[in-house]
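Here the protein sequences line up with chains A, B, C, D and E, keeping their order.
Mapping to this note's numbering: the first sequence position 269 is 1240, numbers consecutive.
Mapping to this note's numbering: the second sequence position 5 is 976, numbers consecutive.
Mapping to this note's numbering: the third sequence position 211 is 1182, numbers consecutive.
Mapping to this note's numbering: the fourth sequence position 58 is 1029, numbers consecutive.
Mapping to this note's numbering: the fifth sequence position 124 is 1095, numbers consecutive.
Ideal Cβ positions, reconstructed from N, Cα and C, are used throughout, including at glycine.
Taking it in order: structure first as structure tokens, then the write-up.
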Amino acid sequence: MFSDTHKQNKKVGEPPGTPTYTGNKPAAPSIIDVVTYNQHDYHETTGTDLDKCLPEKIEKNVYTWVSIHGLNDSNLMSAIAKRYDLHPLTLEDIMNVEQRPKVEEFDNYLFITLKILLWKTKSSTFSVKQLSLVLGHDFVLSFQEGETPHFDGIKKRLQSTANQRLRQHGSDYLAYRLIDAVVDKYFIVLEALGDDIEAIEERIIAAPTTQNMHTMYRFKRQMLLVRKAIWPMREAIGHLVHVEDKLITNFTRVYLRDVYDHTVQAIDTLETFRDMVGSMMDMYLSSLTNRMNEIMKTLTIIATIFMPITTIASIYGMNFIYMPELKYHWGYPIVLCVMLSIAIGMLYYFRTKKWI
Amino acid sequence: MFSDTHKQNKKVGEPPGTPTYTGNKPAAPSIIDVVTYNQHDYHETTGTDLDKCLPEKIEKNVYTWVSIHGLNDSNLMSAIAKRYDLHPLTLEDIMNVEQRPKVEEFDNYLFITLKILLWKTKSSTFSVKQLSLVLGHDFVLSFQEGETPHFDGIKKRLQSTANQRLRQHGSDYLAYRLIDAVVDKYFIVLEALGDDIEAIEERIIAAPTTQNMHTMYRFKRQMLLVRKAIWPMREAIGHLVHVEDKLITNFTRVYLRDVYDHTVQAIDTLETFRDMVGSMMDMYLSSLTNRMNEIMKTLTIIATIFMPITTIASIYGMNFIYMPELKYHWGYPIVLCVMLSIAIGMLYYFRTKKWI
Amino acid sequence: MFSDTHKQNKKVGEPPGTPTYTGNKPAAPSIIDVVTYNQHDYHETTGTDLDKCLPEKIEKNVYTWVSIHGLNDSNLMSAIAKRYDLHPLTLEDIMNVEQRPKVEEFDNYLFITLKILLWKTKSSTFSVKQLSLVLGHDFVLSFQEGETPHFDGIKKRLQSTANQRLRQHGSDYLAYRLIDAVVDKYFIVLEALGDDIEAIEERIIAAPTTQNMHTMYRFKRQMLLVRKAIWPMREAIGHLVHVEDKLITNFTRVYLRDVYDHTVQAIDTLETFRDMVGSMMDMYLSSLTNRMNEIMKTLTIIATIFMPITTIASIYGMNFIYMPELKYHWGYPIVLCVMLSIAIGMLYYFRTKKWI
Amino acid sequence: MFSDTHKQNKKVGEPPGTPTYTGNKPAAPSIIDVVTYNQHDYHETTGTDLDKCLPEKIEKNVYTWVSIHGLNDSNLMSAIAKRYDLHPLTLEDIMNVEQRPKVEEFDNYLFITLKILLWKTKSSTFSVKQLSLVLGHDFVLSFQEGETPHFDGIKKRLQSTANQRLRQHGSDYLAYRLIDAVVDKYFIVLEALGDDIEAIEERIIAAPTTQNMHTMYRFKRQMLLVRKAIWPMREAIGHLVHVEDKLITNFTRVYLRDVYDHTVQAIDTLETFRDMVGSMMDMYLSSLTNRMNEIMKTLTIIATIFMPITTIASIYGMNFIYMPELKYHWGYPIVLCVMLSIAIGMLYYFRTKKWI
Amino acid sequence: MFSDTHKQNKKVGEPPGTPTYTGNKPAAPSIIDVVTYNQHDYHETTGTDLDKCLPEKIEKNVYTWVSIHGLNDSNLMSAIAKRYDLHPLTLEDIMNVEQRPKVEEFDNYLFITLKILLWKTKSSTFSVKQLSLVLGHDFVLSFQEGETPHFDGIKKRLQSTANQRLRQHGSDYLAYRLIDAVVDKYFIVLEALGDDIEAIEERIIAAPTTQNMHTMYRFKRQMLLVRKAIWPMREAIGHLVHVEDKLITNFTRVYLRDVYDHTVQAIDTLETFRDMVGSMMDMYLSSLTNRMNEIMKTLTIIATIFMPITTIASIYGMNFIYMPELKYHWGYPIVLCVMLSIAIGMLYYFRTKKWI
């Protein structure tokens, strides 16, 4: 999975604006989902043909949300780029799914690239997907790899006729809502990571094993992936809050500030995790050394007790003809007593040293 | 306890301003405490019904302090939000008790979120509670989970008729006093942590055990929690000091600068603790290695003394028919002397090496 | 290879603008490659004589790209410097191939120094070469050591008559394309490093050896070299994006911002690698300690089982005349049983301790 | 000593400006030392009664230096505060001797809090005292705990009638001289710490012991205390240099810049010490491991030489009736030779491995 | 050598401008070297008497370079200070040779303090000397301890009548050339340090010894000294580049920017060294642990093979009367076979574990 993150498929020497899809999804047809709405109306078309889905002329005071799932159809992408007058670099960035999260201002639109963290409950892993947003005066374009369900809630809310902010306010508020949904998902992944930390923690305190070490290592790698996705978000969304652009109303700016706070909070949590894993690593290493001390103590105690006794026994096992002790009637019991005293003395010595 | 800090209960797709309580207190009725005062008058009402507690019209030149204990009653919260014209995000932030400390400016009020560190002497632990303040022209709203006694002193002082700043100056000075009380509490927790450090320190110097390691680890985790609560305070209060808002008078600004200094001092102390625990960890690890050296030395000394003697004894324990030494009359004493010399020689060698 | 990076051959006391070549290529004649082009025309001359290659007068609206391969011919360099009115320091910086990447503004041109990372597939290593660019109103000068093929793609594109940006836009766009080609190459090296990391990783998890450690060390050194080349690029290209100079059009500035993003992404990846290698080092060290624990456990188990048995056997090997047990008929079997019990008891003890 | 640094005695709920002395000196009467001087005159009064010491009216063009030793007399402090119109927070900060070094601007004065490091040659330790300065248009107030001799030199110089800057220039120059004296003292403590480092260093290189480790730990703690005192000084004095206040003349500003440089130099030295102690710790730990290697090698050599010999001897000590070797006449010498060969072979093997 | 760097000989209480020499050179007479030059003329006088060397009146359009070697003659220093109207602090800073590199602006001159790193090829060490420069409108004063040859090249060039920048441009260009010569010297020291690193590196990879550790430690200390000298240079020269002062012409500013780049490059190299030594330390420590593993493996293999055999032999060495095996004719060969099988089995087991 890791090697995905550092591949860059663009051919050197190609003109920079050449749209080349860099992801590894099989080429399924892209799905286009066009929503047009304002305070009074709501209309949605889904299909694979842009011309059919997107009406040629859209009335004033109507907001359009074009959502593209699947980025491999370069003809479609070019058509959209032409329709909305996107810069060649924007098109390239949308199709290169290894972008760093960022916000870029163009003459007639804002280009926003984010990372979606998708938690897979089954396998207890997460995957990183790219979401690109183009925010214009009265439209929002969203581009993602494959179909993902995290904006379903927002779509439902758009459909509802109840008096509500989402329909009243413009495209910038819709863009905010999409970003907010992405950032909210981060906390699900962070919570899962937090649960993992606690699980490792308990196991390390109970009994440190090589397995724990490998788990910690895998965990650290996952954190690096999350970090790489979330850290640049701070800068990107901070830029969005302070960008002097008419596209962002003051009304929405207050909400974006809130998303910014959430991003900072996610980074805080991640850094806390980092510190905790660092501490755990120290604890693990000291446990290993402690354990070795235990092992060595056992060996030393056994050796220290039995070696002197064996030596004494070996001495009286020698075959010298003139060994007067051997003939004493009490020789054997006395030697046994001496051996016992040595054993007891050693044990006492170890007790004073608090080894046993 | 830890998992509390990274949970985020908001449903993805919900409109952002939906007030949802994220704490884990059981749903007891919220208590409303309304204090109206100025230089001459003081009036206080406590209850659970907003309409009864808060008079519909408040005279000019009278300051109101509405203090809410318990955040789970969303109807009450909405009523207050409507009364004081709070932004939907403010309401959401008040009820989401996992906020990062921050200060936000709105058109007609300042919103301040802080963390209260409550030290529990009985269990020698602390808990983290959220305090939200809304500072308006002539009112202060304070929101907290459950009932907490740390503002009792301020209330008493408000009641007193003696000539004093608290009654003379406006709502911004009251807000300052509340923040100051929160920050002062930090030093109680820091002092307790400092005592803990000294206790661990003495034990590690005396004799390092696995238990010390676990204690240090728990300690580090506690420090991370404190850190997460205090660090953002620096930025938040710094923002409050420099905010260009008519709500904060120059008179109060001087006092806020003082609270800012206290926050920085708390962070300094925390960082010093961090460094100390790092050094202790080094000391602990080197103690473990030292200890292993001691153990290994014991084993080596014993083995080195007794192994050669046993070998000699074994040799003379062989049953060869032609072993001339066995027949010498002085064979046995000579061998004993040789053994003794080996033992003494080894001990002397170890002494020159300073092992014993 | 390393010692190359810190040598500085300039003689102390020499006037600073003295052009001295500091690389270690043998003195082959420098190759000059002059391309003149505009939207309609394209002309290329290659040779070793500047006067023959570079026409004395170039028409208006024609862009010139002078590409020098080989920097050891100081006469040639001086001639070019004179022709394009280069500052003495620029000339010195071009010939000193140990420059730190940077961008410098002069009155009539921008001077840009970059590092090219060349991956050699055969030896699985990379080398660092310097590229210096001088960007004037209607010319680009590029200087490199030896002949390198990484701009062939750009040249081909320049030759093509198809309607395209490269021919339409001025010298600043050409300079951008050259820089972009250099930065794109970084990802090839980073990808190779990433593959290396995964290879080491698998080997360390399987079985840690001293060899792994040396590999990791070599890897870290390589990363330091890459780091030294890429880090200053961020600052340099960032400077280029924000430089207030008429030489950079707004059209090109958008593209430079894109290169800047790529550089930041390369740095991000490098820092992630750094963290990963740090974690691997921890894992390696803990593996070593774990291994020692394994070894010590084996030794301790063996010693603890056989030492007491040997001691008992030695005791009954003593030659005392009065050892009543020796005469019992069941003495031998009983002693054997005792020995067996000790062995079994010890094994059981180790099992309860989870050592076996 | 450590616990002193994090205690904060202020009662929560007390009004912030309540002057409460937080130090632990016994309550001796405060000593007031009033110096009035200008270019021509010098007058000094010392006592414990403010009214007697400080004349009610001071002529124009006369500078006053009021020096208070002992901060526990809150009546006196209030009297001074009233006389010089000090802000309640200033008074509180003066009496709270756990302040972080800082500079605060008030309408009519500058408030400066510093830490004095007092080196005690006898006990080879230092203590941290607080110095508060209030710099007004024509007065300097200095507040310290207990009597300290470090300003005696400045007082002597003030008394001298010789033509000199101290009498010619105003109160800001006097304040500078007081600060300069404090910062100069830091180098005495740093020098003592430097000598300590060298002493530990030599001992660790000679022979690492647990005692060294404890010394290093104590040393690190001392450095943390110094660090906590000096680091904020940089910011504080830097603020003083750049403060736009008429109280600081350009003449004095040049001198303050010099004190700032000294502070930075002190911090540099401290950071260098920090790095050195870190390296020493590494060296100590590697020494421990090296030592263990030595111990293990000794054990292994002994065991490897004597174990095989003992085994052979044991074999020929068996009591089998049919052991033909036992009857060979040369059996015993041959076995001895074999044993000797094994011993020599092992020693040779260890020599090839460079263990001996 | 180290203790030199933190001594501060100034007496506390002394007026700050008192010039006191803090170096430890023996008091030899200071040598004064006065060079007056312009585009047409060059004149040089060397001596120990200021009045003789420095003409009372210097014509317009003539630049003066006064170079003082030896700083212990305070009368001379005062005379120079008086002649060129130097600030008392400047004089103090010149004579205090423990200054941190810095640039200070005064009304009529710029004061620059640098560190010269002098490499001594014989002893393979370097020493740190201080160079102070005073740059006025038409003069440069340079102050150094003892006589040092590193400006000889510049002097020679000044003497030469050939058309050249050094004579054409003013005193600021001369100051630049002096600084450039100092910074160039850094690379000689860095190169020597780099060679040291490679030497240690090879030795550690070959065989880690305690000696390597001590070498690494000494090396780290040297790097700290270099670091302390070079790091502040970045800030100082950066300040010089951006200082808004008429003394620095735009012509020279371009050159100073070049020196700044060199300083940054030196710092980069130093930081790379730092990282390399850190990695080496890791490699050294892991080598030690690896080595211990080797030792322990040897011991364990020997013990595991011989202990069981010895135990069996001991059993058949017991003197029980009824031990039926002893009487079997094949008993002895069978036991020998069993022993051999055990040995072979153990060896096989260790081979499967890849220990041998």
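Check your understanding: Taking Cβ positions only, does L1060(C) come closer than 9 Å to chain E?
Key -> Position 89 of the third sequence, counted from the first residue, corresponds to residue 1060(C). Taking Cβ atoms only, chain E reaches closer than 9 Å to L1060(C), which makes this a yes.
Leaving aside the five residues before and after D1143(A) along the sequence, list all residues of the same chain whose C-beta is less than 8 Å from its C-beta, in chain order.
Along the first sequence, one-based indexing puts residue 1143(A) at 172. Closer than 8 Å at the Cβ level, and outside the excluded window around D1143(A), lie L1106, L1218, I1219, T1220, T1223.
Handout entry: Contacts that N1290(E) makes with chain D (C-beta to C-beta distance below 9 Å)
Key = Working through the fifth sequence from its first residue, we reach residue 1290(E) at position 319. In chain order: N1290.
Evaluate contact between the region 1188-1195 of chain B and the region 1160-1176 of chain B, counting only Cβ atoms and requiring at least three cross-stretch pairs below 8 Å. yes
If we require 4 or more residues per run, which alpha helix (DSSP H) segments fall completely within the region 1247-1324 of chain C?
1302-1323
**Item:** Simplified DSSP state of F1114(E), which is helix, strand or coil
**Value:** Counting from one through the fifth sequence, the residue named residue 1114(E) turns up at place 143. Strand.
Using DSSP bridges, identify the partner residues of Y1034(E). For the purposes of this step, residue 1034(E) is taken as the residue at position 63 of the fifth sequence. Note: Y1034(E) sits in a beta bridge opposite Y1008(E).
(request) List the residues of chain B that T1275(A) touches, going by C-beta distances under 8 Å, in chain order. (result) In the first sequence, counting from the first residue as 1, residue 1275(A) sits at position 304. Simply T1269, L1270, I1273.
* Asked: Are three or more beta carbon pairs between the region 1270-1286 of chain D and the region 1282-1300 of chain E nearer than 8 Å?
  -> yes
Could you check whether S1045(D) and D1004(D) sit closer than 9 Å to each other, using their CB atoms as the reference points?
The residue you call residue 1004(D) lines up with position 33 of the fourth sequence. The residue you call residue 1045(D) lines up with position 74 of the fourth sequence. In this structure, S1045(D) does not lie closer than 9 Å to D1004(D) by Cβ.
Original post:
Which same chain residues, not among the five before or five after H1233(E), have their C-beta less than 6 Å away from its C-beta?
Top reply: Here residue 1233(E) corresponds to residue number 262 of the fifth sequence, with the count starting at 1. Around H1233(E): V1154.
(request) Consult DSSP for Q1135(B) and reduce its assignment to one of helix, strand or coil. (result) For the purposes of this step, residue 1135(B) is taken as residue 164 along the second sequence, with counting starting at 1. Reduced to three states, the DSSP call for Q1135(B) is coil.
**CB contact below 9 Å: M1254(C) versus chain E** = Taking the first residue of the third sequence as 1, we reach residue 1254(C) at position 283. M1254(C) does not count as touching chain E.
Between which two residues does the alpha helix (DSSP H) carrying Y1157(E) extend? Translated into the one-based positions of the fifth sequence, residue 1157(E) becomes position 186. Its alpha helix (DSSP H) spans residues 1142-1177.
Can you give the beta carbon distance from A1146(A) to L1104(A), rounded, assuming they're within the 8 Å contact cut?
-> By one-based count along the first sequence, residue 1146(A) stands at place 175. By one-based count along the first sequence, residue 1104(A) stands at place 133. The pair is a contact, with the Cβ atoms about 6 Å apart (cut-off 8 Å).
Figure out for me which residue from E1069(B), A1152(B), N1079(B), Y1080(B) has the closest Cα to the Cα of E1116(B).
-> For this step, residue 1116(B) is matched to residue 145 along the second sequence. The shortest C-alpha separation from E1116(B) is found at E1069(B).
(message) Taking 8 Å as the cut-off, does the region 1115-1132 of chain B touch the region 1051-1060 of chain B (at least 3 CB pairs, one atom from each stretch)?
(response) no
Between which two residues does the alpha helix (DSSP H) containing Q1182(E) stretch?
Residue numbering aside, residue 1182(E) sits at position 211 when the fifth sequence is read from its first letter. First-last of the alpha helix (DSSP H) with Q1182(E): 1181-1213.
Rounded C-alpha distance that separates E1296(D) from F1291(B):
As a working note, residue 1296(D) is residue 325 in the fourth sequence. As a working note, residue 1291(B) is residue 320 in the second sequence. E1296(D) and F1291(B): Cα-Cα distance of roughly 8 Å.
G1041(E) to K1073(E) span [Cα, whole Å]: The residue labelled residue 1041(E) in the question sits at position 70 within the fifth sequence. The residue labelled residue 1073(E) in the question sits at position 102 within the fifth sequence. Their Cα atoms are separated by approximately 21 Å.
Whose Cβ in chain A lies nearer than 9 Å to the Cβ of E1075(B)?
Translated into positions along the second sequence, residue 1075(B) becomes position 104. By Cβ distance, chain A contributes V1225, R1228, D1229, D1232.
Taking the C-alpha atoms as reference points, what is the distance between A953(C) and M1254(C)? Missing from the structure shown is residue 953(C); chain C here goes from 972 to 1327 and no further.
| message | DSSP three-state label for T1243(C), please. | response | Numbered from its first residue, the third sequence carries residue 1243(C) at position 272. Three-state DSSP puts T1243(C) in a helix.
*Could you give the C-beta distance for D1151(C) and V1230(C), rounded to a whole number, given that I count them as a contact under 8 Å?*
For the purposes of this step, residue 1151(C) is taken as residue 180 along the third sequence, with counting starting at 1. For the purposes of this step, residue 1230(C) is taken as residue 259 along the third sequence, with counting starting at 1. Confirmed, about 5 Å.
Practice task
State the start and end residues of the unbroken alpha helix (DSSP H) segment that holds I1065(C).
Solution key: Against the third sequence, residue 1065(C) aligns to sequence position 94. Run containing I1065(C): 1059-1066, per the alpha helix (DSSP H) assignment.
Look at the Cβ atom of K1086(E), then the Cβ atom of M1251(E), and state whether they are nearer than 9 Å. For the purposes of this step, residue 1086(E) is taken as residue 115 along the fifth sequence, with counting starting at 1. For the purposes of this step, residue 1251(E) is taken as residue 280 along the fifth sequence, with counting starting at 1. Taking 9 Å as the Cβ cut-off, K1086(E) and M1251(E) do not qualify as a contacting pair.
Check your understanding: Exposed or buried, K1091(C), counting other C-beta atoms within 10 Å across all chains shown (16 or more means buried)?
Key -> Counting from one through the third sequence, the residue named residue 1091(C) turns up at place 120. So K1091(C) counts as exposed.
*Nearest to W1326(A) (by Cα), restricted to the options S1312(A), N1264(A), A1314(A)*: Taking the first residue of the first sequence as 1, we reach residue 1326(A) at position 355. Nearest C-alpha to W1326(A): N1264(A).
From I1063(C) to K1100(C), what does the alpha carbon distance come to, in whole angstroms? Along the third sequence, read from residue 1 onward, the residue named residue 1063(C) stands at position 92. Along the third sequence, read from residue 1 onward, the residue named residue 1100(C) stands at position 129. The question names Ile, but residue 1063(C) in the sequence shown is Glu. Using only the alpha carbons, I get a separation of about 16 Å.
Notebook entry, point to check: From this set, L1025(B), K1031(B), R1138(B), W1036(B), which residue's C-alpha is nearest Q1010(B)'s C-alpha?
Noted result: Against the second sequence, residue 1010(B) aligns to sequence position 39. Here the closest residue by C-alpha is R1138(B).
- prompt: chain A partners of I1286(C), CB-CB under 8 Å?
  reply: One-based indexing of the third sequence puts residue 1286(C) at position 315. The answer, in chain order, is I1280, A1284, L1307, M1310.
Can you tell me whether W1301(C) is buried or exposed? The criterion is at least 16 other CB atoms within 10 Å of its CB, across all chains shown. For this step, residue 1301(C) is matched to residue 330 along the third sequence. Exposed is the call here.
Which chain C residues are close to V1235(E), counting only those with a beta carbon under 9 Å from its beta carbon? As a position in the fifth sequence, residue 1235(E) is number 264, starting the count at 1. Result: R1071, K1073, P1203.
Distance check for A1207(C) and Q1236(E), CA to CA, integer angstroms please. In the fifth sequence, counting from the first residue as 1, residue 1236(E) sits at position 265. In the third sequence, counting from the first residue as 1, residue 1207(C) sits at position 236. Using only the alpha carbons, I get a separation of about 14 Å.
Just to confirm, are I1159(D) and F1190(D) a CB contact at a threshold of 9 Å? For this step, residue 1159(D) is matched to residue 188 along the fourth sequence. For this step, residue 1190(D) is matched to residue 219 along the fourth sequence. Not a contact, by the Cβ cut-off of 9 Å.
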